[in-house]
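Numbering (my numbering), first residue to last: 86 to 257. Ideal Cβ placement from N, Cα and C applies to all residues, glycine included.
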């Protein structure tokens with residue numbers, strides 16, 4: 086009932102009340118199935134409010150307290166998106182590296198993190214670093230869906246530099 090009330094407040098835009106209620110769930114009921122999603126929603130509220138430091142603390146708490154929860158990985162992706170979109174793309178790359186470098190990350194998530202980091206580096210004009218990550222993606226995760234997207238991204242990177250021969254290799 087408490088989680089539903091917090092979620093309802095969240096959906097209606099009552100972020101202060103929602104955050105307080107989610108915090109209560111986390112502190113009073115940390116071992117229930119509602120604690121990790123409550124902490125994730127709290128992180129999301131902090132991102133909506135532009136409170137980067139609080140969101141980073143929430144992501145770290147999720148990883149520490151609920152390491153096997155999918156919410157921990159999703160929190161890192163949400164944080165990286167926020168960092169990239171709010172003008173801190175290098176921080177986003179660093180956050181994504183935590184996902185891809187974590188042996189506990191499922192392969193699909195690690196592959197997605199490598200791809201997202203490469204895309205961010207490409208947008209930053211760091212083409213060589215981006216291609217290096219895409220090469221790592223194709224070597225470490227050859228069977229993941231993001232790997233095929235990585236080939237197209239590498240082609241785009243080379244074509245943006247007018248290196249048509251290399252671009253063609255990745256496009257075909």
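The three-state reading of DSSP puts residue 131 in helix, counting H, G and I together.
Straight-line measurement puts the Cα of residue 149 at about 42 Å from the Cα of residue 252. If you ignore the 5 residues before and after residue 166, its C-beta comes within less than 8 Å of the C-beta of 177, all in its own chain and listed in chain order. Between residue 202 and residue 217, the C-beta spacing is not below 8 Å. Three or more beta-carbon pairs separated by less than 8 Å link the segment 182 to 193 to the segment 226 to 236, which places the two stretches in contact. A straight line joining the alpha-carbon of residue 92 with that of residue 247 spans about 50 Å. With a threshold of 16 other beta carbon atoms within 10 Å, residue 250 falls short and is exposed.
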